[in-house]
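Colleague: Structure below; questions to follow.
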Amino acid sequence: MRPPTFWRTWTPDTEYSVTVTAIYPDESESEDLFGNERTLPPEPPRNLRVFNATISSLSVKWDATPGPVQNYKITYKPVAGGEPLSTQVGGKKTSIILQKLDPDTLYSVNVAAVYPTGVSKDIAGEGQTKPLGGVRNLQVLNPTMTTLNVRWEPAEGRVKEYKVIYTPAAGGPESMETVSAGTTNTVLQDLQPDTLYTVSLVPVYAAGDGKTMSENEKTRPLGAVKSLVVTDPTMTTLNVRWEPAEGLVKEYKVIYTPAAGGAESTETVSAGTTNTVLRGLQPDTVYTVSLVPVYPIGDGKTMSENGKTRPLGGAKSLLVTDPTMTTLNVRWEPAEGLVKEYKETIPAGTTNTVLRGLKPDTLYTVSLVPVYPAGDGKALSEKGKTRPLGAVKNLMVTNPTMTTLNVNWEPAEGRVKEYKIIYTPAVGGAESMETVSAGTTNTVLRGLQPDTLYTVSLVPVYAAGDGKTMSEKGKTRPLGAVKNLAVTDPTMTSLKVNWDPADGACSPVQGLLYSRYWWPRGDGTSSCRHHQHHPEELAARHAVHGVCGAGLPCQGGKAAVRERKDIAFERSGQHEGDQPDHHHSHRVLESC
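As numbered in the working numbering, residues 4 to 595 make up the sequence shown, in order.
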C-alpha cells in the first residue's frame, strides 16, 4: 500500500471535492473514487498577554502561530468607546508596545495572524494604562523659621514639570512654584515663623496634571539663644555668654535688672557677638539677665538667667606671723576689686606690713578691712601673740679649772642691751654678778673656789626689762695630784720614781716636805718612819724643780712641776725593828 499524498497549497477553510482514478499500465482506468473535505481555517495566535502598563503604554505578547504567517495584525481601542487603532508586526515577532495611549484607560487588544491566503481569527485581551502619576516618598523636612525643604522621588511617565503648592494649614493665601521635570527637591523661602504649612506636589504631563501628593510641616518659631550663662561675677560686673540663635539675626538685646526690683537696663550687641560684660553693677546683688535675638520680622524668644555680683571683698589668707617681742608681721592676699586702701591706712597694692611698738608676750587681734570707692569691704581678722622677752639659747658651762669656769651661749632674740651673768655656789654662798655687752656670747668666771659646784645664770637685758633667766651648773676642778706615778729601775741602793705633773698652776714650795719610809719585814708586813726635808736640799739632791701647791703660779725663782720628773732614792741604814740588811729600804716622797 502506498503512503498518503499531501497537497500544501490549498486554500484554508475551503470545501474541496476530490476524485481519485487508478490508471493501469495498459492505460486503462479504474472507476473514479469520489470524496469531499474542507481545509482547516488559519490558526490564530495563542496565549495573548497584556502587561507592563504605564500611563501611556501597554506591552502585548503572544505565542507564535504555526504555518506561513506573513504578519500579525494588532487592533486596540478603549473599551469605553473610541476609534480602533491597528498596527502590524512581522511574522517572526511575537510582541509589541502600544504607545501614546490615554492614561487610566482600559483597552481591548486583538491579535490576528495574516497568512498569504488570508487572516486568522483574532485572539483578544485587555489592559489598562496607569493613571497620571504622583511623586513618591514626598518629604518636607529641615524646617527653619522661614524655610522648608521639600524632597521627593520623581513621578512615572513623561513629566513636563512639577508644581509645588504650599499654603498655611490653618488658612491663608496659596503660593505656587514650578520646577523642572528633572528636579527632585526645592526650598520654600520667606515663610512665616512657627506656622504649619501644607505642601503639595503635582507632576504636570502633556495630558494634564498628575496625582497630587501632600505633606504637612511646621516652620520653626523665631529663635532664642542657647546655653545662656552668667559667669565670672565681680563686685561690679557680670560676664554674659551664649551660643547664637538660629536664623538671620540682626542684633541681640541684653536686658538686665536687679531681681528684687529696680531700673531695667538694655544694651545691644552685634549679631556676631556671643558674649558681653555688664559693668557698673551694684555689689552683692542678684541680677536677671535676658537675651533677645532681633530678626528682620521681629524679636525672637527671650532667654533669661540670674547672676549675682560679688559682695565687697575681704582680704584672703590673712596671716599674723614672725612675732618678736614688740612686732607682728601681717601678710595677706589682696582683696578682689578696685581697693583704695587698707586700714591701718596702707596703699591698695600692699600685701604685708609690720606692726611695731607692741607689748611683749601679748595676744593681739589684727583685723584687715579693704576700702573700696563704694565703702568698706569685709573685715578679716586673725590673732597673733608677741614673743615674751627672750632668753639665751644653748647655755653651757665648760672647761672647768680649779679656779675658773668658761660660760658660752647663743644670743637671745630681740634687741638686747647687755647680758647679766650671775653665779653662786650651788650649796649656798655669796652671789656674784658680771655684765657683758650685747654682742658677747662667752666669758670666763675667775677666782672661784676649787672643787665647788656653781649655779651660773644668764639674763638678757632689754629696754623693756630683764628677759628670761637660763641657768646651768658647772663644778671647778679639785686641787691636783700627780698622775702615773711609777717606781722603776731598782738597784741595790736606789729606786727611780717617775710621774706626770699635776693639773693646774703650782705655787712655790714653802716650809718642809714630809716623807714616809716603809721597810718590808720577813713576815709579810712593813714598818713606816717619817722624815722631814728642806725643799732646797731635796731639790738639789733629787732634781725636784718644784712641788704642787695651792694652785698659784710659781714665784721667787722656784720652778713649778711642768713636766715628768724622776727621783732616785739611796739605801739607808737599818732602824730598830727592821729586817736584816739584805732587804733594801725605799723612801717615797709624798708630795702635796
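No residue lacks a Cβ here, since even glycine has one placed at the ideal position from N, Cα and C.
1) Residue 34 to residue 24, Cα distance in whole Å?
2) State the Cα-Cα distance for the pair residue 410 and residue 424, rounded to the nearest angstrom.
3) Check each candidate in 464, 430, 477 and name the one with the smallest Cα separation from residue 448.
4) With a cut-off of 8 Å, do at least 3 Cβ pairs link the segment 177-194 to the segment 277-291?
5) Among the candidates 169, 144, 173, 140, whose CA atom is the shortest distance from the CA of residue 158?
6) In three-state DSSP terms, what is residue 7?
7) Using the beta-carbon count (16 or more within 10 Å), is residue 26 buried or exposed?
8) Would you mind sorting residue 199 into buried or exposed? The rule is 16 or more other CB atoms within 10 Å of its CB.
9) For residue 94, tell me which candidate among 80, 60, 69, 110 has the shortest Cα-Cα distance.
10) Once DSSP output is grouped into helix, strand and coil, what is the label at residue 278?
11) Grouping DSSP H, G and I as helix and E and B as strand, with all else coil, what is residue 463?
12) Since residue 226 and residue 303 are thought to touch, with beta carbons under 8 Å apart, how far apart are those beta carbons, to the nearest angstrom?
13) What residue ranges within the segment 285-313 form continuous beta strand (DSSP E) runs of no fewer than 3 residues, ordered along the chain?
14) Specify the secondary structure class of residue 107 as computed by DSSP and reduced to three states.
15) Tell me which residues share the same chain as residue 133 and place their Cβ nearer than 6 Å to its Cβ, disregarding the 5 neighbours each side in the sequence.
16) Identify the continuous beta strand (DSSP E) that holds residue 258 and give its terminal residues.
17) Checking the sheet assignment: what are the DSSP bridge partners for residue 216?
18) Do residue 79 and residue 48 have their beta-carbon atoms positioned less than 9 Å apart in this structure?
19) Check the C-beta distance from residue 427 over to residue 458 and give it rounded, since I have them as a contact under 8 Å.
20) For residue 81, name the three-state secondary structure that DSSP assigns.
21) In three-state DSSP terms, what is residue 399?
22) Is it buried or exposed for residue 436, if we count other Cβ within 10 angstroms and need 16 for buried?
23) Taking the C-alpha atoms as reference points, what is the distance between residue 352 and residue 320?
24) Considering only residues of the same chain and omitting the five flanking positions on each side of residue 16, which have a CB-CB separation below 8 Å?
25) Determine which residues share a DSSP beta bridge with residue 38 and list them.
26) Have a look at residue 103 and residue 54 and give me their C-alpha separation to the nearest angstrom.
27) Report the option in 110, 88, 114, 84 whose CA atom is closest to the CA atom of residue 98.
28) Taking DSSP as the reference, what is the three-state secondary structure of residue 492?
Modeller: The relevant details are as follows:
1) Here the C-alpha atom of residue 34 lies approximately 6 Å from the C-alpha atom of residue 24.
2) As the crow flies, the alpha-carbon of residue 410 is around 9 Å from that of residue 424.
3) When only C-alpha atoms are compared, the closest one is 477.
4) Fewer than three beta-carbon pairs drawn from the segment 177-194 and the segment 277-291 are found closer than 8 Å, and the two stretches are therefore not classed as touching.
5) The residue with the shortest Cα to Cα distance from residue 158 is 140.
6) Residue state, collapsed to three classes: coil.
7) Around the Cβ of residue 26, a 10 Å sphere holds fewer than 16 other Cβ atoms; the residue is exposed.
8) Residue 199 is exposed by the Cβ-count criterion.
9) Nearest of 80, 60, 69, 110 to residue 94, Cα basis: 69.
10) In the structure shown, residue 278 adopts extended strand secondary structure according to DSSP, grouped into three states.
11) Residue 463: strand per DSSP, three-state reduction.
12) So it is a contact: roughly 5 Å between Cβ atoms.
13) Qualifying beta strand (DSSP E) stretches, in chain order: 289-298, 306-311.
14) Here residue 107 sits in coil by DSSP.
15) Excluding sequence neighbours, residue 133 sits near 56, 57, 58.
16) For residue 258, the enclosing beta strand (DSSP E) begins and ends at 254-261.
17) 204, per the DSSP bridge assignment.
18) Annotated as distal: residue 48 and residue 79, with beta-carbon spacing of 9 Å or more.
19) Rounded, the Cβ-Cβ distance is 6 Å, consistent with contact.
20) When DSSP states are grouped into helix, strand and coil, residue 81 belongs to the strand group.
21) Residue 399 carries a strand assignment under DSSP once its states are collapsed to helix, strand and coil.
22) Exposed is the call here.
23) Each residue's Cα considered, the two are about 16 Å apart.
24) Cβ neighbours of residue 16 beyond the five flanking positions: 41, 42, 43, 44, 45, 121.
25) Residue pairing of residue 38 in beta bridges, as defined by DSSP: 21.
26) A straight-line Cα-Cα distance of about 15 Å links residue 103 and residue 54.
27) The residue with the shortest Cα to Cα distance from residue 98 is 114.
28) In the structure shown, residue 492 sits in coil (DSSP, three-state: anything other than H, G, I, E or B).
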